[in-house]
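Colleague:
2 protein chains.
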Amino acid sequence: MLEERDKKVLCAIVQSYINRPDPVGSGFITKSYSFSLSPATIRNIMADLVEMGFLRQPHTSAGRVPTDKGYRLYVDSLCSGESEPDNRKFVHDLAGELESIKNDIDLLFEETTKRLSSFSHYLSAVLSPNAGVATFNKIKLLKHSGNQIVTLLFTDEGLVKNRTIDLGSEISQRDLNRIALYLNSEFYGFNLDEIRLRIMREMAEEKIVCDRLISRALRICKEAVAFPYDNIFISGFSEVLRLPEFSDVERIKDISRAIEDKHLIVKLLDSLLESGNTSVQVLIGSENSVSEMKQFSMVAAIYKKGDKPVGSVGIIGPTRMDYSKAICMVDLTALFLSRMLSER
Amino acid sequence: MLEERDKKVLCAIVQSYINRPDPVGSGFITKSYSFSLSPATIRNIMADLVEMGFLRQPHTSAGRVPTDKGYRLYVDSLCSGESEPDNRKFVHDLAGELESIKNDIDLLFEETTKRLSSFSHYLSAVLSPNAGVATFNKIKLLKHSGNQIVTLLFTDEGLVKNRTIDLGSEISQRDLNRIALYLNSEFYGFNLDEIRLRIMREMAEEKIVCDRLISRALRICKEAVAFPYDNIFISGFSEVLRLPEFSDVERIKDISRAIEDKHLIVKLLDSLLESGNTSVQVLIGSENSVSEMKQFSMVAAIYKKGDKPVGSVGIIGPTRMDYSKAICMVDLTALFLSRMLSER
DNA sequence: AATTAGCACTCTCAATGGTCGAGTGCTAAT
DNA sequence: ATTAGCACTCGACCATTGAGAGTGCTAATT
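Same order as they appear, the protein sequences are chains A and B.
Counting in the working numbering, the first sequence runs without a single skipped number right up to 366 at its last residue.
Counting in the working numbering, the second sequence runs without a single skipped number right up to 366 at its last residue.
1) For a test of the three-state rule: what should DSSP assign to Asn-199 of chain A, helix, strand or coil?
2) Would Asn-125 of chain A pass as an interface residue toward chain B - the criterion being a Cβ-Cβ separation below 7 Å?
3) Go ahead and pull the three-state DSSP assignment for Asp-126 of chain A.
4) Using a Cβ-Cβ cut-off of less than 7 Å, list which residues of the segment 105-123 of chain B approach chain A; keep chain order.
5) Under 7 Å between beta-carbons, which chain B residues line up against Arg-185 of chain A? List them in chain order, please.
6) For the pair the segment 254-272 of chain B and the segment 141-152 of chain B, tell me if three or more CB-CB distances fall below 8 Å.
7) Ser-364 of chain B and Gly-328 of chain B: beta carbons closer than 7 Å?
8) So that I know if they touch, is there some Cβ in chain B lying closer than 7 Å to that of Arg-279 of chain A?
9) Could you tell me which residues DSSP pairs with Arg-86 of chain B in its beta bridges?
10) Beta carbon of Ser-334 of chain B, beta carbon of Leu-295 of chain B: below 7 Å?
11) State the DSSP-derived secondary structure class of Val-148 of chain A, mapped to helix, strand or coil.
12) Using 8 Å for Cβ pairs, my map puts Asn-213 of chain A next to Asp-188 of chain B. What's the rounded Cβ distance?
13) With 16 other CB atoms within 10 Å as the buried threshold, where does Tyr-210 of chain A fall?
14) Between the segment 273-281 of chain B and the segment 50-70 of chain B, are three or more C-beta pairs nearer than 8 Å?
15) Rounded to whole angstroms, how far is the Cβ of Ile-35 of chain A from the Cβ of Arg-86 of chain A, which I believe are closer than 8 Å?
16) Could you tell me whether any Cβ in chain A is nearer than 7 Å to the Cβ of Val-87 of chain B?
17) Below 8 Å, can you find three or more Cβ-Cβ pairs linking the segment 282-295 of chain A to the segment 305-315 of chain A?
18) Could you compute how far the alpha carbon of Thr-355 of chain A sits from the alpha carbon of Lys-316 of chain B?
19) Here's the rule I'm using: 16 or more other beta-carbon atoms within 10 Å means buried, otherwise exposed. How should Lys-183 of chain A be labelled?
20) Where does Lys-284 of chain B sit, in a helix, a strand or coil, going by DSSP?
21) Just the chain A side, please: which residues come within less than 7 Å of Lys-275 of chain B by C-beta, in chain order?
22) By the 9 Å beta-carbon criterion, what residues does the segment 170-201 of chain A contribute toward chain B?
23) CB Leu-163 of chain B to CB Ala-202 of chain B, shorter than 7 Å?
24) Terminal residues of the continuous alpha helix (DSSP H) containing Val-72 of chain A?
25) Are the beta-carbon atoms of Cys-243 of chain A and Leu-181 of chain A separated by less than 7 Å?
26) Where Gly-75 of chain A and Ser-99 of chain A are concerned, what is the direct C-alpha to C-alpha distance, given to the nearest angstrom?
27) Quick one: is Lys-347 of chain B buried, meaning 16 or more other Cβ sit within 10 Å of its Cβ, or exposed?
28) Which one of B:Asn-159, B:Gln-195, B:Glu-282, B:Ser-260 has the shortest CA to CA distance from Ala-246 of chain B?
29) Suppose the cutoff is 7 Å on Cβ atoms and the five residues either side in sequence are ignored; what does the same chain contact list for Asp-344 of chain A look like?
30) Based on the DSSP output, what are the partners of Gln-170 of chain B in its beta bridges?
31) Might you give, ordered along the chain, the residues of its own chain that have their beta carbon closer than 7 Å to the beta carbon of Lys-136 of chain B, omitting 5 neighbours on each side?
32) Looking at Ile-221 of chain B and Leu-240 of chain B, is the spacing between their C-beta atoms short of 7 Å?
33) What do you get for Glu-132 of chain B, buried or exposed, if any count of 16 or more other CB atoms within 10 angstroms of its CB means buried?
34) What did DSSP end up calling Lys-327 of chain B once you bin it into helix, strand or coil?
35) What are the boundary residues of the alpha helix (DSSP H) that includes Lys-30 of chain A?
36) Which same chain residues, not among the five before or five after Ser-139 of chain A, have their C-beta less than 7 Å away from its C-beta?
Following this line, the structure appears as structure tokens:
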């Protein structure tokens, strides 16, 4: 059906197109790649590839452009990149420069995202552990001023989140300590979503709460485990704006909506996390479930704390992206994050 | 020099142009606004206004377009907008919906920014109190795990920031308490920049530190007062993309760079804060000191905690923006934030 | 049977030129 | 000081054209 030779031609076209976004003609292929074939033969092959859906021509008698299906074949036949020295250097630098902030996990994610985008020249995103995976480790409660208290929630992943809560009435530090003790024994090891669910249920059941302290405890904990903050870091918008595909205003609007909504990208990275697949995943154009992103590709992987997948990291770019490089960098970054999280 | 009548014509042109971005012709003015003058007279006036630099014509025999100087005159002659019912509603909603999160100051800023942009249809930004103005209130130190401790810094403005620090060696909670006590007595009421400076100095002076506890205290405090987080909230990129001026790709790139750099916008809002000017300020196009922003206008105001200016809020849009509305909304938002911060 | 040279054909792109209309500037009349 | 009248300017729009790149087909070659 699809011979080795055909595949080679396809890959040549994809590579050339990734290099510069002009439709690729039969002549160019014979010149630039050493097939010992004439343009006419290449043309025949190309015609077959079009028919099979791997290529398309923008119009009669322009060259060919890869389709999503074409990119897919290309990516699948990629002998999963031996990380080039360039990329090795990237991780090395990453490790060196970020060693000092590995305690501040949010900052670590942010910086990693920035470096990943500036090095890959694509949009990059890191999904930090969210309520769905984050695991309650301990909580501390501190009296602040008046009726206000501060909750300090620690998760197993190393996240530390503080929130200020107005209780509406005075409470002693002693009572707070008792509440914290209760919560710590009650919720240790559960993930935050479970906790939230459980609190909801208990609050609903015992409408007339017997124990005032417990009711307060639940209320406090409910607030404390709410993650109101963005748990995604995105960077590199100005990088992708440089790409020629973004001379089209509509494209720009698409991607900026995705960035401002964040939601969309979270959704993508999240679904990846749920799939549990450990290796680098590639979503090409229309393979993407989010309609706003059907023009783009995403290369992503999950990172772990110990053996538990806790977040994901990805690169987003046009379907015409340097998959080989992207896959390699995402892989390395995920490994880096896993290492950072695990060795603490 | 500049007669009342000329001013009226200028304002009419500005208004019309703000309404839709087409060069305004003499005929349109006479039709839409009730000057009892013929197009020819209007033309004469317009020619004068061009000569004085308030208008320009894109080319011979197109209509006129306001220059920055023209907008300036327009803004200055604006009888500072009696807040329309529309805007009143905005603040009312704002107050109602955000009442519940006034304890979580970061969230408050973020939500305020979002609402401001979605209501004004321009880009909005809120600069939250930064190290330069934030005042040390108290610090709490908690043992975390191993050599790690968590610092919890409270500022007078209501910010609560936590950081995780790896001390490199074990420390007891008791020592941490002593350190916190020391820092609290030492730095209470100082602003964070001062503290940072002082610590730097002291660390440099006593290279051979006599007191091990104090040296540790300083080190901890130095980390704790570092504000690594963005202290600016920006929202509404997709709003401004809707504007016709952003069908030009270059413009989009400009504004996105400004947004991704944040820095630029921080700089603008910061300079405003330093000027100390209390009322709403308008920077039109080239009046703007940041070159990347010379195509845009900013309407901004500071907000206070009590009597002390602590941050600023602004709207950024094309020079062709609805200044009247923007001024009003920024004013109201600043008042709102001041109220929220002060009544705690 | 697969490959290739040859060639007519198709389609885009950029340049050209012509028309239309909005809006101007000037001049002379009011 | 204002205005009517009018020639003029310039961009927007459109159709035409020619060049060039690349094709698909056919017939010749290996």
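We put the beta carbon where it would ideally sit given N, CA and C, even for glycine.
Modeller: Taking the structure as given:
1) helix
2) yes
3) coil
4) none
5) Asp-126
6) yes
7) yes
8) yes
9) B:Val-46
10) yes
11) strand
12) Not confirmed; about 26 Å, so no contact.
13) exposed
14) no
15) 6 Å
16) no
17) yes
18) 38 Å
19) buried
20) coil
21) Leu-263
22) Gln-170, Val-172, Leu-174, Phe-176, Gly-180, Val-182, Lys-183, Asn-184, Arg-185, Thr-186, Ile-187, Asp-188
23) yes
24) 61-74
25) no
26) 17 Å
27) buried
28) B:Asn-159
29) Ile-40
30) B:Asp-188
31) Ser-257
32) yes
33) buried
34) strand
35) 26-41
36) Leu-145, Ser-146, Ser-257, Gly-258, Glu-261
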